[in-house]
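Contents: one structure, followed by commentary.
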Amino acid sequence: MELDTVYQNVGQRNIEDTFGPRTLKHRQNVGKRRGRCLVLMTVCLGLICVLLLVIIIFITAERESLFKSYKNTVEEFNQTINSLQDNYTDLTQKKLELETRVNNLTVEKSQLQRSFDSLSQKNLELESKVKKTNSKRDNFFISSELKSWSESRQYCRDRGADLVIINTEVKQRLVSSLAKERVWIGLSDIETEGRMIWVDNSTLNQGFWFRGEPNNYEGNEDCVVLNPTNDSVNNWYDVPCSEKRKGFCEKN
């Protein structure tokens, strides 16, 4: 029994001497490898953290930049909206002013159109009167000889006319514009003193007497002359029928 025990102990020592140191070295190598791996992993994690931190900082910076850009864009947009709103208000006001102006101009146009129509009508009437007057002028002529009232009337009658009858202001102005000196007209009170009668036996209704006329000076003024040099309207005088004047004739 003791011998077996001795052999057993001896064998165990030999085994320990053979494998013991080798196993310890292996364990040390494994520990070093694990340490290196741990360091490497720690470094990798550190790098990853740094990278993540950089990414986070970059993203944060970009976000702040985008936010500022967005904020500036929003402010510019609001300013643009406010400017457009102001412009719209101004344009609306100008539109109202223009509409008011257009309405006023429309009213003025209507008034001017009415005035133009009225003037056109008056122009047509005047043209008609001028034509009638021009046609009447052809019916007028003045004798070339100085004669008494009766002789001048006979001069006109011999030529298919008679001394002129003036019964309107228009005709009075026309005759006055054509006469250049005192002329006989077809008016007298030869038959009845103070009762003026035209050559067609009609009674005088409207006279164009010079102031103070007729005055029948010295009781011998029964015939009427027109003197255009004094007045274009009120220029009649009663004078003696024997005076020598030209006669103003009017064709029938």
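For the sequence shown, the positions run 22 to 273 when my numbering is used. Backbone N, C-alpha and C define an ideal beta-carbon position, used for all residues, glycine too. Given the structure is predicted, the values throughout are model-derived calculations rather than measurements.
Using the beta-carbon count (16 or more within 10 Å), is residue i buried or exposed?
| i | result |
| --- | --- |
| F79 | exposed |
| N256 | buried |
| I187 | buried |
| K143 | exposed |
| F88 | exposed |
| D183 | buried |
| D221 | exposed |
| K267 | buried |
| Y109 | exposed |
| Y176 | buried |
| V293 | Since the displayed the chain opens at 22 and closes at 273, residue 293 lies outside it and no answer follows. |
| D111 | exposed |
| D259 | buried |
| E234 | buried |
| V245 | buried |
| V185 | buried |
| F40 | For F40, the pLDDT reaches just 45, beneath the cut-off of 50, and the residue's location in the model is therefore unreliable, although a value from the coordinates is still provided. Answer is exposed; the Cβ neighbour count stays below 16. |
| V31 | Note that V31 has pLDDT 45, beneath the 50 cutoff, so the model's placement of it is unreliable and no number is given. |
Among the candidates the options, whose CA atom is the shortest distance from the CA of residue i?
| i | options | result |
| --- | --- | --- |
| G240 | L225, I211, N255 and K265 | I211 |
| N251 | S90, L74, L117 and W230 | W230 |
| N160 | M217, L199 and C58 | L199 |
| T224 | T213, G233, R232 and E234 | T213 |
| K168 | K265, N273 and E118 | K265 |
| V196 | N226, Y176 and F162 | F162 |
| R216 | D243, E166, E83 and M62 | D243 |
| K272 | L126, G181, N125 and N236 | G181 |
| N226 | T189, L73 and R57 | T189 |
| Q249 | K201, N237 and L73 | According to the sequence provided, residue 249 is Pro. The question's Gln does not apply to it. Closest by alpha carbon: K201. |
Once DSSP output is grouped into helix, strand and coil, what is the label at residue i?
| i | result |
| --- | --- |
| G207 | strand |
| Q181 | Note on residue identity: the sequence assigns Gly, not Gln, to residue 181. Here G181 sits in coil by DSSP. |
| K116 | helix |
| E148 | helix |
| Y28 | Note that Y28 has pLDDT 46, beneath the 50 cutoff, so the model's placement of it is unreliable and no number is given. |
| K201 | coil |
| I36 | Only weak support is given to the placement of I36: the predicted model assigns it a pLDDT of 46, under 50, and the question is left unresolved by the model. |
| E271 | strand |
| K53 | helix |
| K265 | coil |
Using a threshold of 8 Å, is the CB atom of residue i nearer than that to any non-hydrogen atom of the ligand ADP?
| i | result |
| --- | --- |
| N251 | The ligand ADP is not part of this structure, which contains no ligands at all. |
What distance in whole Å lies between the Cβ atoms of residue j and residue i, which are believed to be in contact at a cut-off of 8 Å?
| i | j | result |
| --- | --- | --- |
| L247 | I218 | Actually they do not touch by this definition, with Cβ atoms about 17 Å apart. |
| C262 | S209 | 7 Å |
| S253 | R194 | 6 Å |
| S164 | S173 | 6 Å |
Contained beta strand (DSSP E) runs [length at least 3] in the stretch 212-262, N- to C-terminal order: Here the runs fully enclosed are 244-247 and 257-260.
Residue ranges of each beta strand (DSSP E) run of no fewer than 3 residues wholly in the stretch 67-105, ordered along the chain? none
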